[in-house]
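Reminder that position 185 of the sequence shown reads as 185 in the UniProt record's numbering, one-by-one numbering, no gaps.
Note that beta-carbon positions come from the ideal geometry of N, C-alpha and C, so glycine has one too.
Note sheet for the following structure.
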Amino acid sequence: MPRVVRAGLIQAGIGRDAPDDIQALRQRMLEKHVALIEEAANKGVEVLCLQELFTSPYFPAEQNDRWRQLAEPVPDGPTVRLMQDLARKHGMVTVVPVFEEEITGLFYNTAAVIDSDGTYLGKYRKNHLPHVAPGFWEKFYFRPGNLGRAALGLGGAEIVFNPSATVAGLSEYLWGLEQPAHAAANGYFLGAINRVGVEQPWEIGEFYGSSYFCNPKGQIVVQGSRDRDEVVVGDLDLDEISEVRNTWQFYRDRRPETYGGLTAP
Numbered sequence: 001m002p003r004v005v006r007a008g009l010i011q012a013g014i015g016r017d018a019p020d021d022i023q024a025l026r027q028r029m030l031e032k033h034v035a036l037i038e039e040a041a042n043k044g045v046e047v048l049c050l051q052e053l054f055t056s057p058y059f060p061a062e063q064n065d066r067w068r069q070l071a072e073p074v075p076d077g078p079t080v081r082l083m084q085d086l087a088r089k090h091g092m093v094t095v096v097p098v099f100e101e102e103i104t105g106l107f108y109n110t111a112a113v114i115d116s117d118g119t120y121l122g123k124y125r126k127n128h129l130p131h132v133a134p135g136f137w138e139k140f141y142f143r144p145g146n147l148g149r150a151a152l153g154l155g156g157a158e159i160v161f162n163p164s165a166t167v168a169g170l171s172e173y174l175w176g177l178e179q180p181a182h183a184a185a186n187g188y189f190l191g192a193i194n195r196v197g198v199e200q201p202w203e204i205g206e207f208y209g210s211s212y213f214c215n216p217k218g219q220i221v222v223q224g225s226r227d228r229d230e231v232v233v234g235d236l237d238l239d240e241i242s243e244v245r246n247t248w249q250f251y252r253d254r255r256p257e258t259y260g261g262l263t264a265p
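Following this line, the structure appears as structure tokens:
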């Protein structure tokens with residue numbers, strides 16, 4: 001019998017009438033996502049991922065200390081606790097990307113993972129931080145992740161989520177290329193999330209949504225719109241993983257002992 005998981009991705013924008021007050025903005029985004037999580041539950045979603053830094057605009061568009069007031073502990077902060085309650089209510093595994101403060105003044109771009117009974121399972125801290133002009137100043141806010149390299153496929157992962165934020169222009173062609181390539185090379189399903197809309201006051205470009213799931217063959221199987229809040233839902237047949245891996249045998253043919261030069265000084 002096929003092992004089918006109904007998975008979901010939430011993409012959302014802050015809107016052009018977003019409040020200036022950071023805490024009011026945070027509350028607006030929380031309320032918006034609570035409603036979208038409810039929608040996902042009504043659609044039968046079993047595992048759900050939210051977008052990167054979902055409680056705020058993509059604030060690394062500027063370098064300003066005021067955004068640090070959004071940071072909170074993981075898992076003991078208010079956002080993760082709220083998401084634990086919602087995961088328990090809906091019986092839904094949830095991936096929750098937040099701005100984490102580990103100790104005073106030490107911050108990470110983090111995703112917490114919550115089980116369907118509300119149990120906190122662990123977290124991943126973003127490892128490779130963009131610091132690119134104009135508008136992607138992540139090293140100003142975050143320390144690179146320190147929880148180990150993400151060898152997810154080798155660790156047994158069957159569905160991998162990539163919550164991200166990217167705008168139309170120079171790198172847009174990569175949106176439909178990078179994640180499918182990773183899915184094919186590693187033989188797993190991958191869910192990629194991008195927010196939507198133009199965020200004030202920076203207007204660094206249009207976040208173009210288009211969140212999607214791709215299968216272990218690297219094929220996009222369901223994709224969201226470019227310009228609206230949406231729950232993107234895909235039914236993922238995990239038995240496809242063994243079919244693809246038994247055919248292509250990428251894991252068998254890898255030669256990690258030849259990669260030493262990549263880590264040499």
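The beta strand (DSSP E) enclosing residue i, as first and last residue numbers
i	result
Thr-247	Where Thr-247 is concerned, there is no enclosing beta strand (DSSP E), although the alpha helix (DSSP H) it sits in stretches over 239-248.
Phe-189	189-194
Ile-10	4-11
Glu-206	206-208
Phe-142	Premise fails: Phe-142 is in no beta strand (DSSP E) and is neither H nor E.
Phe-213	212-214
residue 279	A question about residue 279 goes unanswered here, because the residues of the chain that appear run from 1 up to 265.
Residue i in three-state terms, based on DSSP
i	result
His-131	strand
Val-74	coil
Tyr-259	coil
Lys-64	The amino acid occupying residue 64 in the given sequence is Asn; Lys does not appear at that position. Here Asn-64 sits in coil by DSSP.
Asp-235	strand
Gln-219	coil
Glu-38	helix
Ile-22	helix
Phe-201	Inspection of the sequence shows that residue 201 is occupied by Pro rather than by Phe. Coil.
Asn-186	helix
Pro-180	helix
Phe-136	strand
Arg-252	helix
Phe-54	coil
Lys-43	coil
Arg-149	coil
Arg-16	coil
Leu-154	coil
Paired residues, beta bridge with residue i - DSSP
i	result
Val-95	Cys-49 and Val-113
residue 287	Nothing can be reported for residue 287, as the shown portion of the chain is limited to 1 through 265.
Val-167	Phe-207
Glu-230	Gln-11
Check: residue i C-beta below 7 Å from any heavy atom of the ligand SAM
i	result
Thr-79	Summarising the ligand content, the structure contains no ligands, and the ligand SAM is consequently not present.
Straight-line Cα distance separating residue j from residue i
i	j	result
Phe-250	Arg-28	45 Å
Glu-158	Gln-23	36 Å
Asp-229	Thr-55	14 Å
Glu-101	Ala-264	32 Å
Glu-31	Leu-152	32 Å
Ala-168	Arg-195	11 Å
Glu-52	Ile-193	8 Å
Leu-9	Val-93	12 Å
Arg-254	Val-34	43 Å
Leu-36	Gly-260	45 Å
Leu-174	Arg-252	27 Å
Asn-215	Arg-6	13 Å
Tyr-141	Gln-63	8 Å
Gly-135	Trp-248	40 Å
Leu-106	Pro-75	15 Å
Ala-41	Asn-186	29 Å
Val-198	Phe-59	12 Å
Gly-191	Arg-66	31 Å
Gln-223	Ser-211	6 Å
Asp-115	Glu-138	29 Å
Gln-200	Val-244	44 Å
Gln-219	Pro-180	6 Å
Pro-97	Lys-217	27 Å
Residue i: first and last residue of the uninterrupted alpha helix (DSSP H) it sits in
i	result
Lys-123	No alpha helix (DSSP H) contains Lys-123, which is instead part of the beta strand (DSSP E) from 120-125.
Tyr-173	172-175
Pro-265	Here Pro-265 belongs to no alpha helix (DSSP H), and DSSP marks it neither H nor E.
Next on the checklist: Between the stretch 16-25 and the stretch 83-96, can you find at least three pairs of beta-carbon atoms closer than 8 Å?
Outcome noted: no
Next on the checklist: For the structure I just gave you, are there three or more beta carbon pairs, one from the stretch 140-148 and one from the stretch 107-126, closer than 8 Å?
Outcome noted: yes
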